[in-house]
Amino acid sequence: MRRSLNQVVSATSRDLQATLKQGVASGADMLVTNVGERVGSVVQELRSLSTLAEEGGDGTTASRVYIVIDRASRPVDVAGCVGDGLSAVDFSLDNAAICSWLLYAVVEQSAQPRSEKPGAERAASASRLTELRGALSRMVLASDETLYDDEETVNSICEICEEITQAQQQLAEESVVEAEATVRSYE
1 MRRSLNQVVS ATSRDLQATL KQGVASGADM LVTNVGERVG SVVQELRSLS
51 TLAEEGGDGT TASRVYIVID RASRPVDVAG CVGDGLSAVD FSLDNAAICS
101 WLLYAVVEQS AQPRSEKPGA ERAASASRLT ELRGALSRMV LASDETLYDD
151 EETVNSICEI CEEITQAQQQ LAEESVVEAE ATVRSYE
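Position one of the sequence shown corresponds to residue 1 (UniProt numbering), numbered consecutively onward.
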């Protein structure tokens, strides 16, 4: 079975509901772009569509939804959706019939970089994350395509999104270890 990825571009708040419904109806995995500060509305609408499907929808579901959060998405907008700010990048929807999970791929950091000099491991992770964000940006955000049905392209986009999640989690873990080491040095 061929895998396809339907890109849903949310240009305005008014067309958000319609574009998400159309994306879900396609049955393909969904890539939602250009959400900016409306990330909360996107998550709310996906939850609403999930509830409708459970209450007797047509059974057409998208197995994965990738939301690309760009620099217009403020950390406070994202925090209300994932509970732990940008560090909570892999987020499962409750009772999701439409989306088995929701993956946030952060293309550009919204928060200002921390001022302290990172360790070698942290610098390597940050560099890899920047590289992955650039790759995703080149593949997706510059494209005029609305439906990706080429197997290789779809797999590449999904793999990059998943690598971004892993790199962000690793960076967060390294930051915690670094902070714990700093605390111990003061004890």
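For every residue, glycine included, the Cβ atom is placed at its ideal position computed from N, Cα and C.
Since the model is a prediction, treat every value here as computed from it, not as a measurement.
Around the beta-carbon of T130, fewer than 16 other beta-carbon atoms lie within 10 Å, marking it exposed. Rounded to the nearest whole angstrom, the C-alpha separation of Q17 and E121 is 42 Å. In this structure, I67 places its C-beta atom within 8 Å of the C-beta atom of V39. Taking the C-beta atoms as reference points, A126 is found nearer than 8 Å to L171. Our two residues, K21 and S41, have alpha carbons roughly 13 Å apart in a direct line. In this model, S26 and I164 are separated by some 26 Å (Cα to Cα). For R128, the CB contacts under 7 Å within the same chain, skipping 5 residues up- and downstream, are A167 in chain order. With a cutoff of 8 Å on beta-carbon distance, I160 and L132 are scored as near each other.
Straight-line spacing of the CA atoms in V43 and Q169 works out to 21 Å.
Between the C-alpha atoms of E173 and E162 there is a straight-line separation of about 17 Å.
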